[in-house]
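Working notes, structure below.
Number of protein chains: 2
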Amino acid sequence: MRNMKIVLQYDGGRYDGWQKQGNTEQTIQGRLEKILERMTGSLIEVHGAGRTDRGVHALGQVANFKVPDSFMAEEVKEYLNRYLPEDIKVTEGQEASERFHSRLSAVSKTYRYMIETGKKDVFERKYIYGLGHSLDIEAMRKAAAYLIGERDFRSFCAGKRIKKSTVRRLYEVSIEEQGSKVILTFRGNGFLYHMVRIMAGTLIETGLGKRKPEDMPDVLQAENREAAGFTAPPEGLFLVEVEYDT
Amino acid sequence: MRNMKIVLQYDGGRYDGWQKQGNTEQTIQGRLEKILERMTGSLIEVHGAGRTDRGVHALGQVANFKVPDSFMAEEVKEYLNRYLPEDIKVTEGQEASERFHSRLSAVSKTYRYMIETGKKDVFERKYIYGLGHSLDIEAMRKAAAYLIGERDFRSFCAGKRIKKSTVRRLYEVSIEEQGSKVILTFRGNGFLYHMVRIMAGTLIETGLGKRKPEDMPDVLQAENREAAGFTAPPEGLFLVEVEYDT
Chain A
0 MRNMKIVLQY DGGRYDGWQK QGNTEQTIQG RLEKILERMT GSLIEVHGAG RTDRGVHALG
60 QVANFKVPDS FMAEEVKEYL NRYLPEDIKV TEGQEASERF HSRLSAVSKT YRYMIETGKK
120 DVFERKYIYG LGHSLDIEAM RKAAAYLIGE RDFRSFCAGK RIKKSTVRRL YEVSIEEQGS
180 KVILTFRGNG FLYHMVRIMA GTLIETGLGK RKPEDMPDVL QAENREAAGF TAPPEGLFLV
240 EVEYDT
Chain B
0 MRNMKIVLQY DGGRYDGWQK QGNTEQTIQG RLEKILERMT GSLIEVHGAG RTDRGVHALG
60 QVANFKVPDS FMAEEVKEYL NRYLPEDIKV TEGQEASERF HSRLSAVSKT YRYMIETGKK
120 DVFERKYIYG LGHSLDIEAM RKAAAYLIGE RDFRSFCAGK RIKKSTVRRL YEVSIEEQGS
180 KVILTFRGNG FLYHMVRIMA GTLIETGLGK RKPEDMPDVL QAENREAAGF TAPPEGLFLV
240 EVEYDT
């Protein structure tokens, strides 16, 4: 079997997220598997690096799956793009080593959260969170600094009964202004359920003056979802890139 | 009565263009008039500067209409934005002089046509024409130069029985590259039915080597739609701005 690595772009607006759930077809994984089944005549499981939620977008999601050797990498990529809807696209497709796994081999992932502090542009309405208020960027940067490093992010996890470790390492949280837009970038070795959106929401509340930057250590220490801020809406979130050790 | 001037942004993707037609509500003009009727209790006619076609977008469409003096300009703008769907937005709204007319007072209009010569991005798929071929920009610029000035643009008009003058003045046709995108900008004192899209199509055919730049004068002289190129699709077209004296 040939192990295929693909890079994907998608507008998550009309999908129930990455992961297949029951018999819904409205997931990215479901769409890919259906096309691969039609191509090869057999069931093929597609593994994604990041399980993006309903409505979340991707600029560089990575996935892998096995196809019979008779299918060449380029052919698989073209077949997928021919049958995928126009809001999902394979931008790269190549054969990977047998041991490559999109999620398990990843060393880090980068997410971006887009905020409009001014008026939301009609053309970007589906790809940015329309906050409509100005933000104190310096306060947000101070708060963000407390998140960097290896931390227990339980307070930033929406899962109810969490059995596995909630310790993750954040390498970078940057906050940039671009005109009236504020762009949050998070790079880490892994992210819990809703973690990026809860971090974005907590930083937004800090930028609005509803929280103090110095309170962030308490939020972390609480190890309780209630201590953190709101879950920022999905339309502002993009999985930008998944990084691997060559 | 108070004469209102508004500036509008819209994603034309799901509309049958600017102009009201019969009893369809799926036009920008129809949407605005319905909301104004609800606000004032009387029928109000909205005049647009450019009658954008089905599927064409606007960054700066201008319109005017009369409301009873009891309605303040800011109030009208806010009321419209409250009830307009999220793909139409009033970005400016102010009282204009009694004699102001969005179309008749305009001195020029600027349209932009967006072309993707490489791979169409999932997020821009509705706002750019996915040509997918490289273009000879210099040839396009040479061809475009013949269009500038006062010309009879009958060859670039899709109307079948044209009774009125087809002479218009083009002030500017610029062709810019931005990565794999090519951006055509047209500024003129008026545009005929489908004129921008036919000019874009003819310039694209020139950029693809299907036409020679030197043939453009013949295309103009033919005064026949058949002599010009194809009508480029609406999703790449934006009404950018309408210019007025002061």
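Protein chains in written order, with numbering that gives the first Met the number 0: chain A, 0 to 245; chain B, 0 to 245.
Backbone N, C-alpha and C fix where the C-beta goes; we use that ideal spot for every residue, glycine too.
Nothing here was measured: the structure is a model prediction, and the numbers come from that model.
Determine, using beta carbons only, whether B:Glu91 comes closer than 8 Å to chain A.
Within the second sequence, residue 91 of chain B is the residue found at index 92, counting from 1. Closer than 8 Å to the CB of B:Glu91 there is not a single CB belonging to chain A.
Complete beta strand (DSSP E) runs within the region 107-169 of chain A (minimum length 3 residues, chain order)
Segments of the beta strand (DSSP E) lying fully in the region 107-169 of chain A: 148-151.
Between the Cα of A:Lys162 and those of A:Ile182, A:Tyr192, A:Leu146, A:Val172, spot the shortest distance and give me the residue it belongs to.
Here residue 162 of chain A refers to the residue found at position 163 of the first sequence. Among A:Ile182, A:Tyr192, A:Leu146, A:Val172, the Cα nearest to that of A:Lys162 belongs to A:Tyr192.
Helix, strand or coil: which one does DSSP assign to A:Val7?
Here residue 7 of chain A refers to the residue found at position 8 of the first sequence. Reading the sequence as shown, one finds Leu at residue 7 of chain A and not Val. Three-state DSSP puts A:Leu7 in a strand.
Does DSSP classify B:Ile43 as helix, strand or coil?
Indexing the second sequence from 1 puts residue 43 of chain B at position 44. Note: B:Ile43 maps to coil in three-state DSSP.
Under a Cβ-count criterion, where at least 16 other Cβ atoms within 10 Å of its own Cβ denotes burial, should A:Gln60 be classed as buried or exposed?
Stepping through the first sequence from its first residue, residue 60 of chain A is reached at position 61. Counting every other CB atom within 10 Å of its CB across the protein chains shown gives A:Gln60 a total of 16 or more, marking it as buried.
A:Arg81, DSSP secondary structure in three states:
Looking up residue 81 of chain A in the first sequence gives position 82. Judged by DSSP in its simplified three-state form, A:Arg81 adopts helix.
Distance between B:Glu85 and B:Arg13 (C-alpha atoms, nearest Å)
Along the second sequence, read from residue 1 onward, the residue named residue 13 of chain B stands at position 14. Along the second sequence, read from residue 1 onward, the residue named residue 85 of chain B stands at position 86. When rounded, the distance between both Cα atoms is 12 Å.
Nearest-angstrom Cα separation, counted from A:Ile182 out to A:Glu176
Mapped onto the first sequence, residue 176 of chain A falls at position 177. Mapped onto the first sequence, residue 182 of chain A falls at position 183. Whole-angstrom Cα-Cα distance: 6 Å.
Listed from N- to C-terminal order along the chain, which residues in the region 120-141 of chain A have their beta-carbon within a distance smaller than 8 Å of any beta-carbon of chain B?
Of all residues in the region 120-141 of chain A, only Asp120, Val121, Phe122, Arg124, Tyr126 come within less than 8 Å of chain B when Cβ atoms are compared, listed by chain position.
Per DSSP, A:Thr90 forms a beta bridge with which residues?
By one-based count along the first sequence, residue 90 of chain A stands at place 91. Answer is none; A:Thr90 lacks a bridge partner.
Member of A:Lys211, A:Ser96, A:Ser107, A:Tyr82 whose CA lies at the smallest distance from the CA of A:Arg37:
Your numbering for residue 37 of chain A matches position 38 in the first sequence. Comparing C-alpha distances from A:Arg37 to each of A:Lys211, A:Ser96, A:Ser107, A:Tyr82 shows the shortest one belongs to A:Tyr82.
Residue interval of the alpha helix (DSSP H) (run including B:Leu219)
Here the question's residue 219 of chain B lines up with position 220 in the second sequence. Note, B:Leu219: alpha helix (DSSP H), 215-221.
Can you find a C-beta in chain A that's less than 8 Å from the C-beta of B:Tyr82?
Indexing the second sequence from 1 puts residue 82 of chain B at position 83. The beta carbon of B:Tyr82 does not come within 8 Å of any beta carbon belonging to chain A, so the residue lies off that interface.
Quick one: is B:Pro212 buried, meaning 16 or more other Cβ sit within 10 Å of its Cβ, or exposed?
The residue labelled residue 212 of chain B in the question sits at position 213 within the second sequence. So B:Pro212 ends up on the buried side.
Quick one: does B:Lys76 have its CB under 8 Å from some CB of chain A?
Position 77 of the second sequence, counting from 1, holds the residue named residue 76 of chain B. The beta-carbon of B:Lys76 is placed no less than 8 Å from the nearest beta-carbon of chain A.
Going by CA-CA distance only, name the one from B:Arg160, B:Gly189, B:Ser154 that's closest to B:Arg168.
Translated into the one-based positions of the second sequence, residue 168 of chain B becomes position 169. For the set B:Arg160, B:Gly189, B:Ser154, the Cα lying nearest the Cα of B:Arg168 is the one of B:Gly189.
For a quick check, are the C-beta atoms of B:Tyr9 and B:Ala57 less than 8 Å apart?
On the second sequence, residue 9 of chain B is found 10 positions in, with the first residue counted as 1. On the second sequence, residue 57 of chain B is found 58 positions in, with the first residue counted as 1. Their beta carbons are under 8 Å apart, which means B:Tyr9 touches B:Ala57 by this criterion.
If we call anything under 8 Å between Cβ atoms a contact, is B:Gly235 one with B:Met113?
As a working note, residue 235 of chain B is residue 236 in the second sequence. As a working note, residue 113 of chain B is residue 114 in the second sequence. For the pair B:Gly235 and B:Met113, the CB atoms are nearer than the 8 Å cut-off.
Do we get a CB-CB distance below 8 Å when we pair B:Glu240 with the residues of chain A?
Walking along the second sequence from the start, residue 240 of chain B turns up at place 241. Chain A, which has no Cβ nearer than 8 Å to the Cβ of B:Glu240, makes this no.
If we define contact as Cβ-Cβ less than 8 Å, is A:Tyr9 a contact residue for chain B?
In the first sequence, residue 9 of chain A corresponds to position 10, counting from 1. With its beta carbon less than 8 Å from one in chain B, A:Tyr9 belongs to the interface.
Do you know whose CA, among A:Ala231, A:Gly187, A:Lys118, A:Ser173, lies nearest A:Ser179's CA?
Residue 179 of chain A sits at position 180 when you count from the first residue of the first sequence. Residue A:Lys118 holds the alpha-carbon nearest to the alpha-carbon of A:Ser179 among A:Ala231, A:Gly187, A:Lys118, A:Ser173.
Within the continuous alpha helix (DSSP H) that includes B:Arg196, where are the two ends?
In the second sequence, the residue the question calls residue 196 of chain B occupies position 197. Here the alpha helix (DSSP H) through B:Arg196 covers 194-206.
Does A:Lys88 get closer than 8 Å to chain B when you measure Cβ to Cβ?
Walking along the first sequence from the start, residue 88 of chain A turns up at place 89. Interface with chain B (8 Å Cβ-Cβ cutoff): A:Lys88 is included.
Whole-angstrom distance between B:Asp135 and B:Leu207, CA atom to CA atom:
In the second sequence, the residue the question calls residue 207 of chain B occupies position 208. In the second sequence, the residue the question calls residue 135 of chain B occupies position 136. A straight line joining the alpha-carbon of B:Leu207 with that of B:Asp135 spans about 7 Å.
Could you tell me the alpha carbon to alpha carbon distance between A:Leu103 and A:Lys65, rounded to whole angstroms?
Position 104 of the first sequence, counted from the first residue, corresponds to residue 103 of chain A. Position 66 of the first sequence, counted from the first residue, corresponds to residue 65 of chain A. Whole-angstrom Cα-Cα distance: 16 Å.
Is the Cβ of A:Glu85 closer than 8 Å to any Cβ of chain B?
In the first sequence, the residue the question calls residue 85 of chain A occupies position 86. So yes, A:Glu85 belongs to the interface.
Taking the beta strand (DSSP E) that B:Lys19 belongs to, which residues open and close that run?
Counting from one through the second sequence, the residue named residue 19 of chain B turns up at place 20. Note, B:Lys19: premise wrong, no beta strand (DSSP E); not H, not E.
Excluding the 5 residues flanking B:Ala72 on each side, which residues of the same chain have their C-beta closer than 8 Å to its C-beta?
Looking up residue 72 of chain B in the second sequence gives position 73. Same-chain partners within the cutoff: Arg1, Met3, Gly92, Gln93, Glu94.
I need the straight-line Cα distance from A:Arg53 to A:Val218, nearest angstrom please.
If you number the first sequence from 1, residue 53 of chain A lands on position 54. If you number the first sequence from 1, residue 218 of chain A lands on position 219. Rounded to whole angstroms, the gap between the alpha carbons of A:Arg53 and A:Val218 is 26 Å.
Tell me the DSSP secondary structure of A:Gly49 in three-state form.
Residue 49 of chain A sits at position 50 when you count from the first residue of the first sequence. In the structure shown, the three-state DSSP call for A:Gly49 is coil.
So, does the region 145-159 of chain B touch the region 214-231 of chain B, judging by three or more C-beta pairs under 8 Å?
Short answer: they touch.
Taking the continuous beta strand (DSSP E) assigned at B:Gln25, which residues delimit it?
Sequence index remark: in the second sequence, residue 25 of chain B carries index 26 (1-based). If you look at B:Gln25, you'll find it isn't in any beta strand (DSSP E); DSSP assigns it neither H nor E.
Using only CA atoms, which one of B:Val45, B:Trp17, B:Ala143 lies nearest to B:Ala227?
Sequence index remark: in the second sequence, residue 227 of chain B carries index 228 (1-based). Ranking the options by Cα distance to B:Ala227, first place goes to B:Ala143.
Do the CB positions of B:Arg50 and B:Cys156 come within less than 8 Å of each other?
Taking the first residue of the second sequence as 1, we reach residue 50 of chain B at position 51. Taking the first residue of the second sequence as 1, we reach residue 156 of chain B at position 157. No, they are not a contact pair.
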